[in-house]
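Below is one structure, written out as structure tokens, with a few remarks after it.
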Amino acid sequence: MADLSITAASVVLVTGNKETRLAGEAITAGQAVYLATAGTLFKAQTDGTSLEAAAVGIALNGGGAGQPIAYATDGATVSLVGATTAVGVLYYVSNTAGGICPIADIGSADYVSALGFATSTGGAFTVRIINTGQVLA
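Convert by adding 1 to the 1-based position in the sequence shown; the result is the number in the working numbering.
Structure, rendered in structure tokens:
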């Protein structure tokens, strides 16, 4: 399988909470993000450090470094239009910066950080973040 292919212009918060922080790099709507020690958002990825894998949510809009990025937090429901998802399947931070993938795509030596699960085949997604801090054996 591969990372979800999301139509960035169509990512929408359906219900739940969101937060806003400044971007530390260019971020696209629909990407998994983590909070750096300086309080800025970066694209999360599993093949870097444990901090880079510790997702805080899914970006709801895009922007460049220094611009505000809203992101859906734990418990929120988002529409990831364009993504073909499987109902009930858990999705994780990918080793592609900002990517979202099924567990089968996480390689050994990658950190395991769950982002949530699909509630429809058309990209409806409930954010349920679990940052394990553990590396897949």
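Built from N, CA and C at the ideal position, the CB exists for glycine as well.
Answer yes or no: do residue i and residue j have a C-beta to C-beta separation smaller than 8 Å?
i	j	result
Gln-45	Val-94	Note that residue 45 is Ala in the sequence shown, not Gln. In this structure, Val-94 lies closer than 8 Å to Ala-45 by Cβ.
Phe-118	Gly-100	no
Ala-77	Val-34	no
Residues bridged to residue i by DSSP?
i	result
Ser-80	Val-13 and Ala-125
Leu-91	Phe-118
Ala-71	Thr-21
Applying the criterion that 16 or more other CB atoms from any shown protein chain within 10 Å of the CB defines a buried residue, is residue i buried or exposed?
i	result
Gly-31	buried
Ala-138	exposed
Thr-47	buried
Residue i and residue j look like a contact to me (Cβ under 8 Å); what is the Cβ gap, rounded to whole Å?
i	j	result
Leu-14	Ala-110	Wrong, their Cβ atoms sit about 34 Å apart, outside the cutoff.
Tyr-112	Ala-54	3 Å
Asn-62	Ala-56	In fact, because the Cβ distance is near 17 Å, the residues do not count as touching under 8 Å.
Ala-9	Thr-29	5 Å
Beta strand (DSSP E) runs wholly inside the stretch 5–68, at least 3 long, in chain order: If we require 3 residues or more, the beta strand (DSSP E) runs fully inside the stretch 5–68 come out as 13–16, 19–23, 33–36, 42–44 and 56–60.
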